[in-house]
Amino acid sequence: MTAAALSTVLRKEICEIELVESDAIGIVGVGEATIPAIHDFNRKIGLDEQDFMRRTNATFKLGIEFVDWAKKGDAYMHPFGHYGFNINGVSFHHYWLDQNRRGNTAQLGEYCIPFVAGKAGRFALPLSDPNSVLSTYSYAFHFDASLYAQYLRHVAEQRGVTRTEGRIVDVALDGEGGFINSVRLENGQSIAGDLFIDCSGFRALLIGKALGVDYESWQHWLPCDRAVAVQSRNSDTLDPYTRATALKAGWQWRIPLQHRTGNGHVYSSQYMDDDEARTLLLENIEHEALAEPRVIRFTAGKRQRMWKKNCIAIGLSGGFLEPLESTSIYLIQAAIMKLIERFPDREFNAVDRDDYNAQIGNAFEQVRDFIILHYKATSRDDSEFWRYCRDMAVPDELDYKMRAFRESGRVVFSKRELFIEPNWISVLLGQHVIPKTTDLRVDCTPADKIKTQMARMQEVIRRAAASMPTHEETIARYCPADSTKIES
Ligand SMILES: Cc1cc2nc3c(=O)[nH]c(=O)nc-3n(C[C@H](O)[C@H](O)[C@H](O)COP(=O)(O)OP(=O)(O)OC[C@H]3O[C@@H](n4cnc5c(N)ncnc54)[C@H](O)[C@@H]3O)c2cc1C
Numbered sequence: 294m295t296a297a298a299l300s301t302v303l304r305k306e307i308c309e310i311e312l313v314e315s316d317a318i319g320i321v322g323v324g325e326a327t328i329p330a331i332h333d334f335n336r337k338i339g340l341d342e343q344d345f346m347r348r349t350n351a352t353f354k355l356g357i358e359f360v361d362w363a364k365k366g367d368a369y370m371h372p373f374g375h376y377g378f379n380i381n382g383v384s385f386h387h388y389w390l391d392q393n394r395r396g397n398t399a400q401l402g403e404y405c406i407p408f409v410a411g412k413a414g415r416f417a418l419p420l421s422d423p424n425s426v427l428s429t430y431s432y433a434f435h436f437d438a439s440l441y442a443q444y445l446r447h448v449a450e451q452r453g454v455t456r457t458e459g460r461i462v463d464v465a466l467d468g469e470g471g472f473i474n475s476v477r478l479e480n481g482q483s484i485a486g487d488l489f490i491d492c493s494g495f496r497a498l499l500i501g502k503a504l505g506v507d508y509e510s511w512q513h514w515l516p517c518d519r520a521v522a523v524q525s526r527n528s529d530t531l532d533p534y535t536r537a538t539a540l541k542a543g544w545q546w547r548i549p550l551q552h553r554t555g556n557g558h559v560y561s562s563q564y565m566d567d568d569e570a571r572t573l574l575l576e577n578i579e580h581e582a583l584a585e586p587r588v589i590r591f592t593a594g595k596r597q598r599m600w601k602k603n604c605i606a607i608g609l610s611g612g613f614l615e616p617l618e619s620t621s622i623y624l625i626q627a628a629i630m631k632l633i634e635r636f637p638d639r640e641f642n643a644v645d646r647d648d649y650n651a652q653i654g655n656a657f658e659q660v661r662d663f664i665i666l667h668y669k670a671t672s673r674d675d676s677e678f679w680r681y682c683r684d685m686a687v688p689d690e691l692d693y694k695m696r697a698f699r700e701s702g703r704v705v706f707s708k709r710e711l712f713i714e715p716n717w718i719s720v721l722l723g724q725h726v727i728p729k730t731t732d733l734r735v736d737c738t739p740a741d742k743i744k745t746q747m748a749r750m751q752e753v754i755r756r757a758a759a760s761m762p763t764h765e766e767t768i769a770r771y772c773p774a775d776s777t778k779i780e781s
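Numbering (the working numbering), first residue to last: 294 to 781.
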């Protein structure tokens with residue numbers, strides 16, 4: 294992603310880019326679910342959506358369904374869309390809460406088109422007409438991460454990036470300043486440069502091993518530290534959403550692609566061993582496994598600094614947050630875009646570097662807090678893991694957000710945050726964080742009038758969703774998997 298994006302904006306005469314990768318090591322290859330922000334990245338590097346989807350076996354994603362999180366038997370969705378319409382300037386969820394207290398049993402999701410369409414297995418591209426309800430949602434993709442990496446490598450090479458295959462075995466620093474001078478490969482080749490971007494994954498070869506930037510662990514808030522992943526055969530139908538099902542000591546993902554389904558069980562090794570985690574995963578997958586499950590270890594957290602000297606960590610070398618809200622690829626994209634804005638010259642001015650570190654650090658913390666909310670807002674007490682999560686202290690900022698919502702139904706967020714009101718509403722209400730009061734202005738409109746308006750909204754949304762083709766029909770017409778994929 295980094296090489297493809299930099300080669301799109303930096304002409305070769307200005308900046309030569311060299312990508313060093315080791316086929317023997319390979320990529321982690323399990324990041325398959327995205328959020329709508331991926332459109333910006335793909336657009337900026339000039340990908341054609343249909344071409345990209347065909348080459349990566351992609352499907353459409355309208356949100357994430359969370360099963361068994363607040364309590365067993367519960368389910369809600371975090372959809373990529375708005376709930377209802379604001380009435381008299383007041384957010385819709387206040388009216389929904391009020392009606393709910395008056396006995397209206399409709400789920401919040403019934404007022405949100407991606408929820409209704411997703412659950413019905415339907416998908417159509419949103420319309421641009423702001424007067425249509427079909428313009429009130431967005432979408433993302435499930436794709437094969439290895440094919441996406443190959444595709445972008447191809448894009449990068451076409452734009453002048455030199456790719457060198459080989460294993461880095463040593464990093465040479467200049468004696469005085471501690472800047473990186475070059476990396477040395479196993480075959481003895483030395484590659485020098487002005488700026489080094491560490492995309493070496495969990496190994497963090499440059500930022501961690503060579504420059505010694507420490508890793509800040511957030512494991513006390515996010516105790517899951519392993520994942521066991523396996524691919525399986527597909528169902529006959531492809532749900533246009535990711536599913537995240539809470540289990541005894543973590544949770545399981547299910548991501549349907551065109552040719553197979555990605556599954557994984559994220560768990561805490563403190564509360565479950567690898568064998569039990571693997572067994573549970575295999576018991577819960579819906580169809581035959583296509584390979585042996587693979588265990589991946591991690592620690593939730595981030596580097597204390599993403600940028601030190603002439604080295605910038607992007608991707609897993611910079612930090613990792615479990616894929617509960619499909620945010621890792623987004624954090625990579627955010628880092629790349631910020632780097633492009635702050636692209637250094639050989640002076641490496643400290644102001645830009647510090648600003649970069651502060652902003653990317655904040656982006657990680659905001660995503661972290663949103664993920665912690667899923668664990669904290671639970672009444673599950675059926676395992677030690679869940680009792681720990683329910684009782685743990687959370688970061689101050691999240692604590693404030695939860696208290697503010699409980700008091701008044703207000704969502705506190707700044708415009709620069711990735712997750713805004715509808716996102717927080719989905720998870721807070723989905724996990725039964727119920728406000729004591731609603732906006733006073735709700736009482737200014739007669740309850741019967743609100744009831745009628747809400748019934749109308751529900752009907753408009755139901756009809757619009759029913760008018761969409763099925764997810765499979767849209768894929769077959771728009772982006773069927775390409776059998777002539779790029780050779781690696
Ligand atoms: C369990 C799990 C599930 C995930 N699910 C999602 C998801 O649903 N959505 C999402 O957005 N993200 C997800 N992610 C994150 C996503 O997979 C990664 O963020 C993404 O793949 C980027 O990884 P990376 O490039 O930083 O590291 P890697 O994929 O590990 O790539 C590291 C690269 O460095 C090279 N390398 C390493 N060492 C050397 C060396 N010594 N010499 C030369 N080359 C070297 C390797 O060859 C490779 O090319 C998930 C991650 C995990 C662990």
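For each residue, glycine too, the CB sits at the ideal point set by N, CA and C.
Check, Outcome
"For Gly612: DSSP bridge partner residues", "Lys595"
"Straight-line Cα distance separating Asp487 from Glu331", "According to the sequence displayed, residue 331 carries Ile and not Glu. Those two C-alpha atoms are separated by around 29 Å."
"Alpha-carbon spacing of Ala582 relative to Thr572, whole angstroms", "12 Å"
"DSSP-derived helix/strand/coil call for Asp491", "strand"
"Endpoints, beta strand (DSSP E) assigned at Arg456", "Thr455 to Glu458"
"Alpha carbon of Met370 to alpha carbon of Phe408, nearest angstrom", "7 Å"
"Coil, strand or helix - Thr398 by DSSP", "coil"
"Under 8 Å between C-beta atoms of Ser510 and Thr592", "yes"
"CB of Gly324 within 8 Å of CB of Gly494, strictly", "no"
"Rounded C-alpha distance that separates Asn527 from Asn642", "51 Å"
"Helix, strand or coil at Val726 [DSSP, three-state]", "coil"
"Residues near Asn603 by beta carbon distance below 7 Å, same chain, minus five either side", "Phe472, Ile473, Asp487, Leu488, Phe489 and Phe641"
"Arg536, enclosing beta strand (DSSP E) - first and last residue", "Thr535 to Leu540"
"Test item: CB-CB of Gly411 and Gly356 under 8 Å", "yes"
"Residue nearest to Leu515 in terms of C-alpha spacing, selected from Leu666, Ala697, Thr538 and Asn335", "Leu666"
"Beta-carbon spacing of Ile500, Leu478 below 8 Å", "no"
"Separation of Ala520 from Glu780, as counted between CA atoms", "Its pLDDT being 42, under 50, Glu780 is placed unreliably by the model, and the measurement read from it follows with that caveat. C-alpha separation (whole angstroms): 29 Å."
"Closer than 7 Å: Gly594 CB and nearest ligand 1 heavy atom", "no"
"Own chain residues within Cβ distance below 7 Å of Trp679, not counting five before or after", "Thr671 and Arg673"
"Residues near Glu302 by beta carbon distance below 7 Å, same chain, minus five either side", "The residue asked about is misnamed: residue 302 is Val in this sequence, not Glu. Around Val302: Ile633."
"At least three beta-carbon pairs within less than 8 Å, the region 684-694 to the region 378-397", "no"
"Any non-hydrogen atom of ligand 1 closer than 7 Å to Ser561 Cβ", "no"
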